[in-house]
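S.K.: As they're listed, the protein sequences go chains B and H.
Going by the UniProt record's numbering, the letters in the first sequence line up with residues 1 to 249, in that order.
Going by the UniProt record's numbering, the letters in the second sequence line up with residues 1 to 407, in that order.
Yeah, the Cβ is synthetic: ideal placement off N, Cα and C, and Gly gets one too.
Just so we're clear, the structure is a prediction, and the values are computed from it rather than from any experiment.
Following this message is one structure expressed as structure tokens.
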Amino acid sequence: MRILAFICILSLFSTAVRAQEADADALLRAAFDNWRAKSSDSEVTMTVHRPDWERSMSMKAWTQGDDFALVRFTAPAKDAGNATLKTDKGTWIYNPKLNQVIKLPASMLAQSWMGSDFSYNDLSKADDILTEYTHKLVKTEETGGDKIYTIEAIPKPDAPVVWGKLVVKVREDGVMLAETYYDQDMKVVREMTTEKVGEVGGRDYPLVMVMRPADEPEKWTRIETSSADFNIDLPSYLFTLSNLQNPRR
Amino acid sequence: MEKLELLLPLAWRSLWRNPRRTIITVLVVSVGLWSILVFAVLLEAWSASSRDTTQKMMTGEGQIHAAGYLDDPTIANRMAPLEGALADILKSDAVKAYAERVRVAAIMQSEYRTLPITLTGVAPAKERAVSVLPDKVSKGRYLENAEDDGIVIGRNLASRLKTRVGKRVVVLVQDTKGELAERAFKVVGVYAASQQIEDEFVFTGLDPAQKLIGAGSGISEIVFDSSDAEALPSLVDKLRAAAPALDVQSWETLKPLAYAVSTFFNEFIMMWLGVMFAMMAIGIVNTQLMAVFERTREFGLFQALGMRPRLVLMEVALESTMLIGIGVVIGAAFAVLSVMAFPGGLDLGFLGRGAELVGAGRVLYLSIDISDFVRYSFIIWALGVCASLWPAWRAAHVSPVMAMARA
Chain B
1 MRILAFICIL
11 SLFSTAVRAQ
21 EADADALLRA
31 AFDNWRAKSS
41 DSEVTMTVHR
51 PDWERSMSMK
61 AWTQGDDFAL
71 VRFTAPAKDA
81 GNATLKTDKG
91 TWIYNPKLNQ
101 VIKLPASMLA
111 QSWMGSDFSY
121 NDLSKADDIL
131 TEYTHKLVKT
141 EETGGDKIYT
151 IEAIPKPDAP
161 VVWGKLVVKV
171 REDGVMLAET
181 YYDQDMKVVR
191 EMTTEKVGEV
201 GGRDYPLVMV
211 MRPADEPEKW
221 TRIETSSADF
231 NIDLPSYLFT
241 LSNLQNPRR
Chain H
1 MEKLELLLPL
11 AWRSLWRNPR
21 RTIITVLVVS
31 VGLWSILVFA
41 VLLEAWSASS
51 RDTTQKMMTG
61 EGQIHAAGYL
71 DDPTIANRMA
81 PLEGALADIL
91 KSDAVKAYAE
101 RVRVAAIMQS
111 EYRTLPITLT
121 GVAPAKERAV
131 SVLPDKVSKG
141 RYLENAEDDG
151 IVIGRNLASR
161 LKTRVGKRVV
171 VLVQDTKGEL
181 AERAFKVVGV
191 YAASQQIEDE
201 FVFTGLDPAQ
211 KLIGAGSGIS
221 EIVFDSSDAE
231 ALPSLVDKLR
241 AAAPALDVQS
251 WETLKPLAYA
261 VSTFFNEFIM
271 MWLGVMFAMM
281 AIGIVNTQLM
291 AVFERTREFG
301 LFQALGMRPR
311 LVLMEVALES
321 TMLIGIGVVI
331 GAAFAVLSVM
341 AFPGGLDLGF
351 LGRGAELVGA
361 GRVLYLSIDI
371 SDFVRYSFII
381 WALGVCASLW
391 PAWRAAHVSP
401 VMAMARA
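Right under this line is the structure:
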């Protein structure tokens with residue numbers, strides 16, 4: 001355990017060092033490492049707000065590397081048991097009422113995930129920004145002793161992405177502060193901002209993040225992380241279809 | 001002949017003894033015939049338009065697919081590139097034009113929306129010969145060659161995706177291994193056609209489409225037009241014989257609705273003709289019976305003076321012939337004028353996109369088919385005269401004594 005903590009600190013330290021060099025690629029990588037690490041196990045509450053209603057859902061989420069993620073809803077009772085699994089092969093959803101695992105067809109990947117302002121693609125292609133874009137550091141500012149970097153990500157020429165550009169704000173230590181999606185006319189389509197940074201799992205982490213579509217001010221989705229562990233050993237059965245349907249954990 | 005000389009002026013004059021009644025009958029006949037002729041022209045234009053819309057947009061006069069493609073239009077049901085006997089027939093004089101396509105269901109993504117589409121990979125030079133869509137590009141350009149990796153999308157799809165010429169969209173398809181393939185395409189052109197087509201079909205070069213799907217040189221369909229529409233069935237048979245493993249079909253079975261529309265309209269004209277005639281016949285028989293009834297004394301006198309019943313019958317029949325003849329001429333003349341009032345075709349814009357639902361184009365081009373006009377006019381005339389034989393027969397069988405005895 002001590003060794004693990006040491007590695008953790010070491011990796012944090014190394015990202016901080018790299019951040020000082022202000023290399024845009026490294027900064028983004030650091031942000032992702034901070035966000036998901038090599039593996040993670042977290043408890044999250046998602047609040048979907050609409051002009052005339054609002055609801056909250058709790059979930060447990062596990063990630064492993066860039067390719068594997070499993071999210072299982074725990075509350076409210078209506079949604080409990082619903083789960084989404086993302087592997088390197090595709091995305092599946094499990095619905096306990098149907099007791100069915102469904103592989104998501106391409107047509108559904110861009111649809112809303114559990115009625116929120118996130119799409120399945122946001123889950124499964126989150127790391128597109130690392131692989132399909134070229135990055136440029138456009139601004140460095142200092143607020144309250146922290147250096148904040150603004151990175152502009154432009155899609156590579158033939159990248160299969162629809163955005164015009166993404167603009168990401170990352171704190172020196174790799175905490176993601178904002179991510180803005182622009183269309184190809186460079187108009188803001190939606191924006192994710194971090195509203196609270198706090199310590200969880202031994203690191204500073206964006207505890208409250210809110211996604212807002214630009215054209216609908218009364219709509220937003222808030223993701224609150226209540227607890228998390230990073231760089232832990234996760235059993236290999238976790239990201240399997242059988243575990244999706246019959247949870248062992 | 002002599003008798004005709006006697007009867008003609010007689011019939012003509014008796015026609016105008018009661019002008020009001022004559023005019024009413026003439027009106028009935030002319031309005032009836034006018035409606036039949038105008039309907040015939042309209043329906044013919046409609047069915048031609050729906051046939052054209054179907055054939056000249058995507059369907060062509062016939063298509064060849066791998067067996068099973070029509071039931072399950074995926075890339076798994078593809079066929080080898082054109083060769084052998086099939087190629088010989090398609091390149092022969094019996095075929096006006098043909099084009100190969102890759103055509104699969106796909107998903108198109110923009111910043112704002114994700115919509116289902118049909119991705120069509122085409123060889124533009126050949127495509128132009130079988131489809132009018134390449135000439136319907138309203139913004140930007142059409143594809144330049146089979147290697148062109150731009151994408152041409154429909155106007156309505158573009159507005160639903162909130163995209164336009166110059167922007168990038170992402171296309172997702174299932175490839176030959178059953179896995180998801182995706183790539184970005186630049187929108188190079190936007191075409192305008194019927195909404196259904198605009199929403200469904202997007203075009204890119206044959207080559208990039210094959211590469212994306214991993215189809216090698218495989219294709220999904222061959223579209224062809226015959227050089228002689230009459231010979232289409234025999235051409236289809238020949239193609240079937242040349243490629244027994246493939247599924248060769250003409251537009252009549254590919255697009256049964258368009259075929260049904262075009263045949264139904266012909267039936268419908270005959271039905272309308274029947275309905276209109278029944279109504280006209282009632283009017284004609286009624287007025288002529290009235291006329292005969294009023295003139296009972298007169299017919300009695302004719303016969304008392306020695307006119308044969310046969311001549312009386314002829315006289316009344318002549319009256320009807322002239323009466324209906326006038327009506328037919330007026331009706332036909334007005335029908336011609338009505339059609340000529342729309343030299344640029346009838347714009348169905350006021351129907352909005354409703355007209356497209358039944359498969360017609362936006363503008364109906366009305367044209368007069370002389371043989372149809374003559375045929376329908378003659379049918380109405382002949383049937384009208386037949387209907388008036390009953391009053392004429394009544395007139396001829398008036399007993400002179402009884403008739404003269406009437407006040």
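Taking the straight line between their C-alpha atoms, what separation do you get for I153(H) and V132(H)?
M.R.: Counting from 1 along the second sequence, the entry for residue 153(H) is found at position 153. Counting from 1 along the second sequence, the entry for residue 132(H) is found at position 132. Looking at the two C-alpha atoms, the distance is approximately 14 Å.
S.K.: Quick one: does V161(B) have its CB under 8 Å from some CB of chain H?
M.R.: Here residue 161(B) refers to the residue found at position 161 when the first sequence is read from its first residue. Yes, V161(B) counts as interfacial toward chain H.
S.K.: Any beta-carbon of chain H closer than 8 Å to the one on S112(B)?
M.R.: Start at 1 with the first residue of the first sequence, and residue 112(B) comes out as number 112. Not an interface residue.
S.K.: For the stretch 360 to 376 of chain H against the stretch 335 to 343 of chain H, do three or more pairs of beta-carbon atoms, one drawn from each stretch, fall closer than 8 Å, so that the two count as touching?
M.R.: Short answer: they touch.
S.K.: Along chain B, which residues have their Cβ under 7 Å away from the Cβ of I107(H)?
M.R.: Along the second sequence, one-based indexing puts residue 107(H) at 107. Ordered by position in chain B, the residues that pass the 7 Å Cβ test against I107(H) are A106, S107.
S.K.: Using C-beta distances below 8 Å, list every residue in its chain close to L232(H), excluding the 5 sequence neighbours before and after it, in chain order.
M.R.: Position 232 of the second sequence, counting from 1, holds the residue named residue 232(H). Closer than 8 Å at Cβ, skipping near neighbours: E61, G62, S226, S250.
S.K.: Given that a residue counts as buried once 16 or more other Cβ atoms are within 10 Å of its Cβ, and exposed if not, what is E5(H)?
M.R.: Counting from one through the second sequence, the residue named residue 5(H) turns up at place 5. With fewer than 16 Cβ atoms within 10 Å of its Cβ, E5(H) is classed as exposed.
S.K.: What residue ranges within the stretch 144 to 226 of chain H form continuous alpha helix (DSSP H) runs of no fewer than 4 residues, ordered along the chain?
M.R.: As far as the stretch 144 to 226 of chain H is concerned, its whole alpha helix (DSSP H) runs of at least 4 residues are 155 to 161, 195 to 200, 206 to 213.
S.K.: Hey, does Q184(B) have any beta-carbon neighbour from chain H nearer than 8 Å?
M.R.: By 1-based counting over the first sequence, the position of residue 184(B) is 184. Judged by the 8 Å Cβ criterion, Q184(B) is in contact with chain H.
S.K.: Does the beta carbon of D128(B) sit closer than 8 Å to a beta carbon anywhere in chain H?
M.R.: Looking up residue 128(B) in the first sequence gives position 128. Chain H, which has no Cβ nearer than 8 Å to the Cβ of D128(B), makes this no.
S.K.: CB-CB under 6 Å to A168(H), same chain, minus the five flanking residues each way: which ones, in chain order?
M.R.: Counted from its first residue, the second sequence places residue 168(H) at position 168. For the sequence presented, residue 168(H) should be read as Arg rather than Ala. Cβ neighbours of R168(H) beyond the five flanking positions: A184, K186.
S.K.: Inspect the beta-carbon positions of G189(H) and V236(H) and report whether they are closer than 8 Å.
M.R.: Residue mapping note: residue 189(H) aligns to position 189 of the second sequence, counting from 1. Residue mapping note: residue 236(H) aligns to position 236 of the second sequence, counting from 1. No; because the gap between Cβ atoms is not below 8 Å, this pair is not in contact.
S.K.: Quick one: using the 10 Å Cβ neighbour count with 16 as the cut-off for buried, is Y191(H) buried or exposed?
M.R.: Counted from its first residue, the second sequence places residue 191(H) at position 191. So Y191(H) ends up on the buried side.
S.K.: In angstroms, rounded to a whole number, what distance separates the CA positions of M402(H) and K3(H)?
M.R.: Along the second sequence, one-based indexing puts residue 402(H) at 402. Along the second sequence, one-based indexing puts residue 3(H) at 3. Rounded to the nearest angstrom, the two C-alpha atoms are 26 Å apart.
S.K.: What's the call for F6(B), buried or exposed, on a 16-neighbour Cβ count within 10 Å?
M.R.: Here residue 6(B) refers to the residue found at position 6 of the first sequence. The predicted model places F6(B) with a pLDDT of 47, which falls under 50 and marks its position as unreliable, so this point remains unresolved.
S.K.: Taking the CB atoms as reference points, tell me whether L27(B) and I151(B) lie closer together than 8 Å.
M.R.: The residue given as residue 27(B) occupies position 27 in the first sequence. The residue given as residue 151(B) occupies position 151 in the first sequence. Result yes, Cβ atoms of L27(B) and I151(B) sit closer than 8 Å.
S.K.: Taking Cβ-Cβ distances below 7 Å as the criterion, which residues of the stretch 169 to 194 of chain B are in contact with chain H?
M.R.: Listed in sequence order: D183, Q184, V189.
S.K.: Just to confirm, are L130(B) and Y120(B) a CB contact at a threshold of 8 Å?
M.R.: As a position in the first sequence, residue 130(B) is number 130, starting the count at 1. As a position in the first sequence, residue 120(B) is number 120, starting the count at 1. Not in contact: L130(B) and Y120(B) (Cβ atoms no closer than 8 Å).
S.K.: Name the chain B residues whose beta carbon is nearer than 7 Å to that of L180(H)?
M.R.: As a working mapping, residue 180(H) is identified with position 180 in the second sequence. Result: A106.
S.K.: What residues of chain H sit near D158(B), judged by a beta carbon separation below 8 Å?
M.R.: Numbered from 1 along the first sequence, position 158 holds the residue referred to as residue 158(B). The answer, in chain order, is R183, A184.
S.K.: If I follow the unbroken alpha helix (DSSP H) through V275(H), where does it start and stop?
M.R.: The residue given as residue 275(H) occupies position 275 in the second sequence. From DSSP, the alpha helix (DSSP H) with V275(H) extends over 256 to 294.
S.K.: Tell me which same chain residues have a C-beta within less than 7 Å of the C-beta of V165(H), skipping the five on either side of it?
M.R.: Here residue 165(H) refers to the residue found at position 165 of the second sequence. These residues qualify, in order along the chain: K139, G140, V187, V188, G189, V190.
S.K.: Would R190(B) and P213(B) be called neighbours here (beta carbons separated by less than 8 Å)?
M.R.: Along the first sequence, one-based indexing puts residue 190(B) at 190. Along the first sequence, one-based indexing puts residue 213(B) at 213. Yes, these two residues count as a Cβ contact at 8 Å.
S.K.: Using the Cβ count rule (16 or more neighbours within 10 Å means buried), how would you classify G150(H)?
M.R.: Residue numbering aside, residue 150(H) sits at position 150 when the second sequence is read from its first letter. Buried, because 16 or more other Cβ atoms sit within 10 Å of the Cβ of G150(H).
S.K.: Against chain B, does T114(H) count as a neighbour if the rule is that its beta carbon must be under 8 Å from one of theirs?
M.R.: Residue mapping note: residue 114(H) aligns to position 114 of the second sequence, counting from 1. Judged by the 8 Å Cβ criterion, T114(H) is in contact with chain B.
S.K.: Check whether the stretch 213 to 228 of chain H and the stretch 75 to 83 of chain H are in contact - that is, three or more C-beta pairs closer than 8 Å.
M.R.: Taking 8 Å as the limit for Cβ pairs, the verdict is that the stretch 75 to 83 of chain H does touch the stretch 213 to 228 of chain H.
S.K.: Can you tell me whether DSSP reads G325(H) as helix, strand or coil?
M.R.: For this step, residue 325(H) is matched to residue 325 along the second sequence. G325(H) falls in the helix class under three-state DSSP.
S.K.: Mind checking which residues open and close the alpha helix (DSSP H) that includes Y376(H)?
M.R.: Taking the second sequence and counting its residues from 1, the one referred to as residue 376(H) is at position 376. Residues 370 to 387.
S.K.: Tell me the residue span of the alpha helix (DSSP H) that contains W12(H).
M.R.: Along the second sequence, one-based indexing puts residue 12(H) at 12. Start and end: 2 to 15.
S.K.: If you draw a straight line from the alpha carbon of C386(H) to that of A229(H), how long is it in whole angstroms?
M.R.: Numbered from its first residue, the second sequence carries residue 386(H) at position 386. Numbered from its first residue, the second sequence carries residue 229(H) at position 229. C-alpha separation (whole angstroms): 39 Å.
S.K.: Return yes when the Cβ of S220(H) is within less than 8 Å of the Cβ of V102(H), no when it is not.
M.R.: By one-based count along the second sequence, residue 102(H) stands at place 102. By one-based count along the second sequence, residue 220(H) stands at place 220. Yes, they are a contact pair.
S.K.: Say whether chain B places a C-beta atom closer than 8 Å to the C-beta of E200(H).
M.R.: Reading the second sequence from its first residue, position 200 is the one you call residue 200(H). Taking Cβ atoms only, chain B never reaches closer than 8 Å to E200(H), which makes this a no.
S.K.: So is N246(B) buried or exposed if we call it buried at 16+ other beta carbons inside 10 Å?
M.R.: Taking the first residue of the first sequence as 1, we reach residue 246(B) at position 246. Exposed.
S.K.: Look at the Cβ atom of K165(B), then the Cβ atom of T134(B), and state whether they are nearer than 8 Å.
M.R.: Against the first sequence, residue 165(B) aligns to sequence position 165. Against the first sequence, residue 134(B) aligns to sequence position 134. No; because the gap between Cβ atoms is not below 8 Å, this pair is not in contact.
S.K.: Is V152(H) close to chain B, meaning its C-beta is less than 8 Å from at least one C-beta of that chain?
M.R.: Mapped onto the second sequence, residue 152(H) falls at position 152. No, V152(H) does not count as interfacial toward chain B.
S.K.: Can you tell me whether E83(H) is buried or exposed, with buried defined as 16 or more other CB within 10 angstroms of its CB?
M.R.: Indexing the second sequence from 1 puts residue 83(H) at position 83. Exposed is the call here.
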